[in-house]
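J.: Take this structure first; my questions come after.
In this note's numbering, the protein residues as written are 416 to 736.
This is the structure we're talking about:
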């Protein structure tokens, strides 16, 4: 195991007090149809602890305890930014890491959940912005894992700087660059023993936006389709108009269509609040909902349509002036 910094060791002790211990889960390939998904069940204690710890707290670096979401899928991020651990017999897959300063928190949560950080074999990314990819370099160094990403994301991940084509260019912080070991395409699989995660290019929020799906099963043999759907907000720096960039509009719409079509019994998003994750973990809303990705995409589509309408109205006003 890599030597852990003193700050991380302290964080480990704190996280261990709140985490529920890991237990073995059924193989991720076990089959039951999503059409048979049962209503939401009583939240597990770890999920309740996470929801309570983050009540009224959504800071991107606000420490949170780890929690099992379902089967072999764990939340190991902060109150404001998701990091997801998918565990397997031959090693684990980590999706996202948060801000650069969140790396020790993520490593501590992996350990507090009962897993070894050095058993993480793959690190995946939702998109190439500092708030989600900022910790990846440190996490790669600490775990020895390989990094896989879409080619559109890889350029920025390896430079640590957004390109001028990004609608948010100029307001995105740089982050520590991380080498990408494997370029993947939409529909490609990242496999590790009994784990099989599928990449879906969903270029709504950024050119390299990637949603990931996989099957997870609990120790009773119940299986769900998990969707880590990337951010669906089409936002920009001041002065940027989507109506001036038809290709970007097409990318946004393609991404939203693909998100709506994801196999999706349990939705998780890079910003947990975007899918009300903590409310769902607390039992205040259903955790399992096969229509969640469609609803998530529909809400984002309506907002984007309004954005385009507002831009067109503003342009018409400028023309009349």
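For each residue, glycine too, the CB sits at the ideal point set by N, CA and C.
What runs of the beta strand (DSSP E), each 3 residues or longer, lie entirely inside the segment 461–498?
T.: 482–485, 488–490
J.: How big is the Cα-Cα spacing for residue 713 and residue 679?
T.: 14 Å
J.: Helix or strand or just coil, what does DSSP make of residue 611?
T.: strand
J.: With H, G and I counted as helix, E and B as strand and the rest as coil, what does DSSP make of residue 716?
T.: helix
J.: Going along the chain, which unbroken runs of the beta strand (DSSP E) with 3 or more residues stay wholly within the segment 583–629?
T.: 597–599, 604–607, 610–616, all fully within the segment 583–629.
J.: Using 8 Å as the Cβ pair cut-off and three pairs as the minimum, do the segment 531–544 and the segment 616–624 touch?
T.: Contact holds: three or more Cβ-Cβ distances are below 8 Å.
J.: Are there 16 or more other CB atoms within 10 angstroms of the CB of residue 704, so buried, or fewer, so exposed?
T.: Per the 10 Å Cβ criterion, buried.
J.: Quick check: the segment 569–577 against the segment 501–509, are at least 3 beta-carbon pairs closer than 8 Å?
T.: no
J.: Would you list the one or two residues that DSSP bridges to residue 563?
T.: 539, 597
J.: CB residue 671 to CB residue 505, shorter than 8 Å?
T.: Contact: no.
J.: Give the straight-line distance between the Cα atoms of residue 501 and residue 489, rounded to the nearest whole angstrom.
T.: 6 Å
J.: Taking residue 476 as the reference, give the member of 532, 631, 545 with the closest Cα.
T.: 545
J.: Quick check: the segment 599–617 against the segment 654–661, are at least 3 beta-carbon pairs closer than 8 Å?
T.: The segment 654–661 is not in contact with the segment 599–617.
J.: Please work out which residues of its chain come closer than 7 Å, Cβ to Cβ, to residue 687, disregarding the five sequence neighbours upstream and downstream, and give them in chain order.
T.: The beta carbon of residue 687 lies closer than 7 Å to those of 497, 693 in the same chain, with the five residues before and after it left out.
J.: Does the beta-carbon distance from residue 532 to residue 522 come in below 8 Å?
T.: Against a cut-off of 8 Å, the Cβ pair of residue 522 and residue 532 comes out as a contact.
J.: Determine which residues share a DSSP beta bridge with residue 638 and list them.
T.: 632
J.: For residue 438, I'd like the list of residues in its chain whose CB is within less than 7 Å of its CB, leaving aside the five on either flank, ordered along the chain.
T.: At residue 438, the pLDDT of 41 sits below 50, so the modelled position is not reliable; the number obtained from the coordinates is stated separately. 634.
J.: Return the chain-ordered ranges of every beta strand (DSSP E) run that is complete within the segment 501–553 and spans a minimum of 3 residues.
T.: Taken in chain order, the complete beta strand (DSSP E) segments of 3 residues or longer contained in the segment 501–553 are 506–510, 535–539.
J.: Thinking C-beta only, is residue 647 closer than 8 Å to residue 674?
T.: yes
J.: Tell me which same chain residues have a C-beta within less than 6 Å of the C-beta of residue 534, skipping the five on either side of it?
T.: 506, 507
J.: By the DSSP assignment, the alpha helix (DSSP H) with residue 682 in it spans what residues?
T.: Not the alpha helix (DSSP H): residue 682 falls in the beta strand (DSSP E), residues 681–683.
J.: Opposite residue 643 in the DSSP bridges: which residues?
T.: Per DSSP, 627, 683.
J.: Please classify residue 703: does DSSP put it in a helix, a strand, or coil?
T.: coil
J.: In terms of alpha-carbon separation, which member of 537, 549, 612, 636 lies closest to residue 518?
T.: 549
J.: Give the secondary structure of residue 415 by DSSP, where H, G and I count as helix, E and B as strand, and everything else as coil.
T.: Nothing can be reported for residue 415, as the shown portion of the chain is limited to 416 through 736.
J.: Could you work out which residue in 537, 654, 597 is closest to residue 581 when comparing CA atoms only?
T.: 654
J.: With burial defined as no fewer than 16 other Cβ atoms inside 10 Å of the residue's Cβ, what is the status of residue 619: buried or exposed?
T.: buried
J.: Expressed to the nearest angstrom, what Euclidean distance is found between the alpha-carbon atoms of residue 455 and residue 723?
T.: Low per-residue confidence applies at residue 455: pLDDT is 46, beneath 50, and the placement is therefore not dependable, though the value from the model is reported in the following sentence. If you take the alpha carbons of residue 455 and residue 723, they lie about 37 Å apart.
J.: Pull up the distance between the alpha-carbon of residue 721 and that of residue 734, whole angstroms please.
T.: 20 Å
J.: Just the Cα atoms here: how many angstroms apart are residue 480 and residue 471?
T.: 15 Å
J.: Once you ignore the five residues that flank residue 597 on each side, which residues in its own chain have a CB closer than 7 Å to its CB?
T.: 561, 563
J.: Let me confirm a value: residue 499 is counted as buried when at least 16 other C-beta atoms fall within 10 Å, else exposed. Which label applies?
T.: buried
J.: Identify, in the order they occur along the chain, each residue of the same chain with its Cβ nearer than 8 Å to the Cβ of residue 718, setting aside the five sequence neighbours on each side.
T.: 648, 649
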